[in-house]
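Going by the working numbering, the sequence shown opens with residue 225, and the numbers climb by one from there. Structure first, then comments.
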Amino acid sequence: MKLVKSTAATVTLTAALVAGALTAATPALAAATYGGECGSGYGVVNSAAIGTKGTVFLTYSSATGKNCVVAKRNSVGSAVLIEAGLAVHPVGNHWTAYEGDNFTSYAGPIYLSAADKCVDWMGRISGTEGGKRGTNCG
225 MKLVKSTAAT VTLTAALVAG ALTAATPALA AATYGGECGS GYGVVNSAAI GTKGTVFLTY
285 SSATGKNCVV AKRNSVGSAV LIEAGLAVHP VGNHWTAYEG DNFTSYAGPI YLSAADKCVD
345 WMGRISGTEG GKRGTNCG
């Protein structure tokens, strides 16, 4: 009876170790991080997920009174359509500042003078959009 219990415990332990190794071998997809794409003096003041594909960052420079937007993929890959848009709220039919093309990593930076105004901003990757409307007023 002891041999059966010992063998069962060994099989259970081996299965747990294999499952743990498989879980550890599959890293979670890391979210995009802001890397200073807007230049010196710009700091992140807001961000939004672009589904599971990336993140759109809104930055601001108090020295220039300008906002900047960058839409970044979670991981660099083959070129896909990436778009970034920025406008004084409400956006209307067209983004005041816009960039969209096939990129491997990010769209932008795009800039807009918006001191003392609310802004609408977005990022879109392969049709999935993220962003916010009427934020960061002031």
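The beta carbon of each residue, even a glycine, is placed where N, CA and C say it ideally should be.
>> Among the candidates Val300, Ala338, Val269, Phe327, whose CA atom is the shortest distance from the CA of alanine 321?
In response: Minimum Cα-Cα distance from alanine 321 among the listed residues Val300, Ala338, Val269, Phe327 corresponds to Ala338.
> DSSP three-state call for alanine 303: helix, strand or coil?
Replying inline: It is coil, neither helix nor strand.
> Per DSSP, what kind of secondary structure is serine 337 in: helix, strand or coil?
Replying inline: Strand, per DSSP.
>> Using only CA atoms, which one of Glu261, Ser264, Gly259, Cys361 lies nearest to proline 314?
In response: When each option's Cα is compared against that of proline 314, the closest is Cys361.
> Can you list, in chain order, the residues of its chain whose CB lies under 7 angstroms from that of serine 350, leaving out five sequence neighbours each side?
Replying inline: Once the five neighbours on either side are set aside, the close Cβ partners of serine 350 are Lys277, Val304, Leu305.
> Sorted by chain position, which residues of the same chain lie with C-beta nearer than 8 angstroms to glycine 260's C-beta, five sequence neighbours on each side aside?
Replying inline: These residues qualify, in order along the chain: Tyr266.
> Taking DSSP as the reference, what is the three-state secondary structure of tyrosine 330?
Replying inline: Correct three-state label for tyrosine 330: strand.
>> If I measure Cβ to Cβ from tryptophan 345 and keep anything under 6 angstroms in the same chain, skipping five residues before and after, which residues do I get?
In response: Taken in chain order, the residues that qualify are Leu282, Val293, Leu310, Gly355.
>> Quick check on cysteine 292: does DSSP put it in helix, strand or coil?
In response: Correct three-state label for cysteine 292: strand.
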